[in-house]
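Numbering (my numbering), first residue to last: 7 to 348.
Presented below is the structure to which this report refers.
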C-alpha cells in the first residue's frame with residue numbers, strides 16, 4: 007500500500023530535504039506540496055537539484071484536499087505551525103518540524119519563543135519526536151513534534167548518561183558547532199557570504215538559546231530533578247552539520263559502556279571505537295549519528311562528541327523516521343542511504 011503525504015512549507019530547506027528523502031521511499035508518495043509565496047511554481051524552479059523528479063506544482067495550503075492525504079509534514083516557521091495545524095482535519099496524522107509543539111508546558115513555550123501558545127489543547131496530544139527514545143508513543147500518535155536539531159544532537163549524547171547515572175548532573179558543558187542551514191532559508195544580513203565566510207562565532211550566549219527549553223525539560227524528566235547544562239552554540243560557515251562536544255564529570259569507560267548499551271541495536275546511531283572522535287564529513291546527507299568518547303587529561307572527566315546532519319537526522323530524516331512508525335512502515339525505510347563524502 008502506498009501512502010500519500012503532503013509537505014507544507016516545501017520551499018524551505020527542510021521541505022526540500024523531505025522531498026529528496028521521500029523520492030526514494032518504497033511506500034510513500036508526495037501528493038501535495040504547499041508554499042504560500044511560491045504557489046504556482048514548479049519545485050524544479052525553486053530547487054533545481056530536484057528537477058529530475060515528477061512532483062506536484064506548489065500550491066497554497068487551502069488548495070489541498072486533505073481527504074486524500076494519509077500524513078502531513080509541516081515544515082513551517084514557528085508560530086505559523088500552530089495556526090495552520092489547528093485548522094487541519096482532526097483525524098490527519100501530522101509531523102511538525104517547527105518548535106511549536108516541542109515543549110509540553112505552554113508557559114515554557116511563551117518564555118522561550120516570546121508569544122502565547124495558540125493551540126494549547128493540541129499541545130496535550132503532541133508526542134516528542136526523538137525517535138530512538140519514544141518509539142511506542144510516536145507509533146500511536148496523531149501529532150508528533152520534531153526536535154530542534156541542536157537539541158537532538160545534545161540529547162543523543164546526554165540522555166543515556168543521565169539515565170545510567172554515570173555523570174555529575176551539575177557539571178555538564180555542551181559546546182556546539184552548527185551549520186548555517188540550521189538558521190533556515192530566509193534572507194538574514196548576518197548570513198550573507200561576506201558576513202559569514204572566513205569567520206566563526208558564538209551566538210545566543212548565556213541563557214538565550216531557545217533549545218535550552220528542550221534540554222531543561224527532557225533532561226529533568228529523565229533525572230527526576232532539575233538538570234541545567236552550560237550550552238554555547240557556534241555558527242560555522244558550512245552548509246550542513248552539527249558537532250557537539252560535551253565535557254562531563256565521570257568515568258570515561260563507564261560513559262562509553264552506557265552509550266554502547268543504549269545504542270547497540272539502533273540502526274542510525276554509530277558509537278565509534280573508544281578514543282575516536284566523529285566528523286560532520288562522515289554523516290553529511292545521511293540519517294546517521296556518530297558518537298565518540300575519550301578520556302580527558304583531568305582525572306575523572308570525559309569528552310563525548312556527536313556529529314549529525316542538521317537537515318537530515320536533525321530534522322527531515324527524523325521526521326520521516328517518525329512518519330514511518332506512524333504509518334506502520336519499516337522505521338528505516340527511505341533512510342539507509344550512505345553519507346556523502348567528500
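Heads up, the beta-carbon is just placed ideally off N, CA and C, and yes, glycines get one too.
For the pair residue 214 and residue 118, the Cα-to-Cα distance works out to about 8 Å. For residue 155, there is no enclosing beta strand (DSSP E); the residue is part of the alpha helix (DSSP H) that begins and ends at 155-170. Bounds of the alpha helix (DSSP H) holding residue 19 are 19-28.
Proximity to residue 96 across 185, 147, 69 and 116 peaks at 147, based on C-alpha coordinates. Around the beta carbon of residue 199, fewer than 16 other beta carbons sit within 10 angstroms, so the residue counts as exposed. Rounded to the nearest whole angstrom, the C-alpha separation of residue 66 and residue 43 is 8 Å. Boundaries of the beta strand (DSSP E) around residue 77: 77-80.
For residue 290, the closest alpha carbon among the candidates 319, 305 and 268 is that of 319. Listed in chain order, the non-local C-beta contacts of residue 10 below 7 Å within the same chain comprise 35, 37, 74, 75 and 76, local neighbours out to five positions each way being set aside. Check the Cα spacing between residue 124 and each of 59, 341 and 88: the tightest is with 88.
Where residue 253 is concerned, the enclosing beta strand (DSSP E) starts and stops at 248-255. Cβ atoms of residue 78 and residue 39 stay farther apart than 8 Å, at about 11 Å. For residue 9, the secondary structure class from DSSP, reduced to helix, strand or coil, is strand. C-alpha of residue 169 to C-alpha of residue 268: approximately 10 Å in a straight line.
When Cβ pairs closer than 8 Å are counted between the two stretches, the stretch 139-155 is seen not to touch the stretch 295-307, the count staying below three. When beta bridges are read from the DSSP output, residue 126 appears opposite no residue. No Cβ-Cβ contact shorter than 8 Å links residue 273 with residue 311.
Around the C-beta of residue 23, 16 or more other C-beta atoms lie within 10 Å, and the residue is accordingly described as buried. In the structure shown, the three-state DSSP call for residue 145 is helix.
Between the alpha carbons of residue 64 and residue 190 lies a distance of about 19 Å. Counting every other CB atom within 10 Å of its CB across the protein chains shown gives residue 225 a total of 16 or more, marking it as buried. Going by C-alpha positions, residue 86 is about 9 Å away from residue 104. Straight through space, the alpha carbons of residue 174 and residue 235 are spaced by roughly 11 Å. Between residue 314 and residue 295, the C-beta gap is smaller than 8 Å, which places the two residues in contact.
Residue 180 is positioned such that its CB atom lies no closer than 8 Å to that of residue 139.
A straight-line Cα-Cα distance of about 41 Å links residue 210 and residue 71.
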